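Down below is the structure, laid out as structure tokens.
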Amino acid sequence: MSKTITACNTAQCQSLYQNYKSAALRGHPEAMSTLGQFYEHGYGVEQNKDKALRYYKKAVKDGSISASFKAGLMYITQSPIRDIDKGIYYLTKAARKGYQQADFILAIAYLSDSFGMQDLKKADQYLAKAYQHQHPDMPNVIDMIKAKPSLSLDQFPRLDKLVNKTPLITDQNGNLSWPSDNMETITITAPPLEVRLTENLLTYRGRETSLGSRLPTTQCTKRPGCYQTNSVDSVLSDFPFILGM
Numbered sequence: 143m144s145k146t147i148t149a150c151n152t153a154q155c156q157s158l159y160q161n162y163k164s165a166a167l168r169g170h171p172e173a174m175s176t177l178g179q180f181y182e183h184g185y186g187v188e189q190n191k192d193k194a195l196r197y198y199k200k201a202v203k204d205g206s207i208s209a210s211f212k213a214g215l216m217y218i219t220q221s222p223i224r225d226i227d228k229g230i231y232y233l234t235k236a237a238r239k240g241y242q243q244a245d246f247i248l249a250i251a252y253l254s255d256s257f258g259m260q261d262l263k264k265a266d267q268y269l270a271k272a273y274q275h276q277h278p279d280m281p282n283v284i285d286m287i288k289a290k291p292s293l294s295l296d297q298f299p300r301l302d303k304l305v306n307k308t309p310l311i312t313d314q315n316g317n318l319s320w321p322s323d324n325m326e327t328i329t330i331t332a333p334p335l336e337v338r339l340t341e342n343l344l345t346y347r348g349r350e351t352s353l354g355s356r357l358p359t360t361q362c363t364k365r366p367g368c369y370q371t372n373s374v375d376s377v378l379s380d381f382p383f384i385l386g387m
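For this note's numbering, add 142 to where a residue sits in the sequence shown, where the first one is 1.
Now the structure itself:
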């Protein structure tokens with residue numbers, strides 16, 4: 143079984159889509175957010191990005207932070223609906239609510255000159271936040287800054303201060319990386335996507351009567367409704383503007 147939401151037309155995927163649609167109709171924001179992702183990728187239903195965006199925005203109004211991130215990401219990365227201003231609006235909204243992946247994407251958006259909105263001061267603000275969170279891609283971004291003739295860490299005082307306080311190390315391949323704390327790491331394997339989706343449905347059985355999601359903001363590894371932007375390969379392939387900043 144897949145670990146992330148991708149195109150799927152099996153009976154199980156179609157059943158999950160119907161169950162999430164029912165939960166969304168009962169007013170659960172995170173169910174709306176996940177339903178939006180079903181439409182975005184064609185999971186259990188025909189792909190429809192307009193409907194995906196519609197559900198994301200409805201979920202945002204009802205308090206979903208992850209939906210704000212997803213809506214922002216669609217606006218800045220998908221050409222049929224691309225609207226940079228709206229993308230930044232939703233990503234900023236998510237970042238202000240503590241959605242860490244939004245900090246990183248905003249940092250890259252302001253660092254890159256691909257959008258005609260390069261702002262190194264704002265980039266520094268979000269780069270520093272992403273560094274504090276130890277975002278896995280930050281070593282690569284710092285390498286890129288150092289390699290670009292027109293940029294240097296001196297132009298990013300907040301980030302530079304953090305780098306000096308908690309320096310990166312150079313790995314055996316000559317690349318920057320986060321230092322290991324030499325502590326034993328316990329790896330927790332997430333259950334298959336369909337299991338997590340089914341488990342989440344249990345929290346949506348009743349009608350939502352209050353604003354906001356019943357689920358607190360958690361790490362994306364625990365929520366199939368989150369975007370996975372925690373690996374170097376996925377970020378650099380999903381957001382090629384990083385390479386051309």
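All residues carry an ideal CB built from backbone N, CA and C; glycine is no exception. Since the structure is predicted, the reported quantities are computational estimates derived from the model, not experimental observations.
DSSP bridge partner residues for C150 (one or two, in chain order): By one-based count along the sequence shown, residue 150 stands at place 8. Y185, per the DSSP bridge assignment.
At what residues does the alpha helix (DSSP H) containing N342 begin and finish? Position 200 of the sequence shown, counting from 1, holds the residue named residue 342. 335–343 is the extent of the alpha helix (DSSP H) around N342.
State yes or no: is the C-beta of A249 within less than 8 angstroms of the C-beta of Y268? Along the sequence shown, one-based indexing puts residue 249 at 107. Along the sequence shown, one-based indexing puts residue 268 at 126. Cβ distance < 8 angstroms, so A249 and Y268 count as in contact.
Below 8 angstroms, can you find three or more Cβ-Cβ pairs linking the region 166–174 to the region 184–194? no
Host alpha helix (DSSP H) of P281 (start-end): Mapped onto the sequence shown, residue 281 falls at position 139. Its alpha helix (DSSP H) spans residues 280–289.
Candidates L177, D227, S221, of which the one nearest A209 by Cα: For the purposes of this step, residue 209 is taken as residue 67 along the sequence shown, with counting starting at 1. Answer by Cα proximity: L177.
First through last residue of the alpha helix (DSSP H) which encompasses M259: Taking the sequence shown and counting its residues from 1, one reaches residue 259 at position 117. M259 -> no alpha helix (DSSP H), and no H or E assigned at all.
Assuming G236 and I207 are in contact, meaning their beta carbons sit under 8 angstroms apart, how far apart are those beta carbons, in whole angstroms? Along the sequence shown, read from residue 1 onward, the residue named residue 236 stands at position 94. Along the sequence shown, read from residue 1 onward, the residue named residue 207 stands at position 65. Per the sequence presented here, residue 236 reads as Ala, with Gly not at that position. Confirmed, Cβ separation roughly 6 angstroms.
Using the three-state DSSP reduction, which class does L318 fall into: helix, strand or coil? Translated into positions along the sequence shown, residue 318 becomes position 176. Note: L318 maps to strand in three-state DSSP.
According to DSSP, is N161 helix, strand or coil? Residue numbering aside, residue 161 sits at position 19 when the sequence shown is read from its first letter. In the structure shown, N161 sits in a helix (DSSP, three-state: H, G or I).
Cβ shell of A265 (< 6 angstroms), same chain only, five flanking positions each side left out: Here residue 265 corresponds to residue number 123 of the sequence shown, with the count starting at 1. So the qualifying residues of the chain are A249, Y252, L253.
Alpha carbon to alpha carbon, how far is P222 from A194? As a working mapping, residue 222 is identified with position 80 in the sequence shown. As a working mapping, residue 194 is identified with position 52 in the sequence shown. Going from the Cα of P222 to the Cα of A194 covers about 13 angstroms.
Going by other Cβ atoms of all chains shown within 10 Å of its Cβ, with 16 needed for buried, is E182 buried or exposed? Numbered from its first residue, the sequence shown carries residue 182 at position 40. Buried, since its Cβ has 16 or more Cβ neighbours within 10 Å.
Can you grab the Cα-Cα spacing for the pair Y159 / F211, in whole Å? Reading the sequence shown from its first residue, position 17 is the one you call residue 159. Reading the sequence shown from its first residue, position 69 is the one you call residue 211. When rounded, the distance between both Cα atoms is 21 angstroms.
When the Cβ atoms of the region 301–315 are set against those of the region 332–350, are three or more pairs found closer than 8 angstroms? no
Expressed to the nearest angstrom, what Euclidean distance is found between the alpha-carbon atoms of L318 and L343? What you label residue 318 is simply residue 176 of the sequence shown in a count that begins at 1. What you label residue 343 is simply residue 201 of the sequence shown in a count that begins at 1. Computed Cα separation, rounded: 41 angstroms.
Are A201 and Y346 touching if we call contact CB-CB under 8 angstroms? For the purposes of this step, residue 201 is taken as the residue at position 59 of the sequence shown. For the purposes of this step, residue 346 is taken as the residue at position 204 of the sequence shown. No.
Which same chain residues, not among the five before or five after F246, have their C-beta less than 6 angstroms away from its C-beta? Taking the sequence shown and counting its residues from 1, the one referred to as residue 246 is at position 104. The residues are A272, H277.
Should K263 go down as buried or exposed, given a rule of 16 or more other Cβ atoms within 10 Å for buried? Taking the first residue of the sequence shown as position 1, residue 263 is located at position 121. It counts as exposed.
Since P299 is in the alpha helix (DSSP H), which residue starts that stretch and which ends it? Working through the sequence shown from its first residue, we reach residue 299 at position 157. Segment 299–307, the alpha helix (DSSP H) holding P299.
Since G229 and G240 should fall inside the 8 angstroms C-beta cutoff, what is the C-beta to C-beta distance between them, to a whole number of angstroms? Reading the sequence shown from its first residue, position 87 is the one you call residue 229. Reading the sequence shown from its first residue, position 98 is the one you call residue 240. G229 to G240, Cβ: 19 angstroms. No contact.
Quick check: what's the CA-CA separation for A244 versus D296? Here the question's residue 244 lines up with position 102 in the sequence shown. Here the question's residue 296 lines up with position 154 in the sequence shown. Looking at the two C-alpha atoms, the distance is approximately 24 angstroms.
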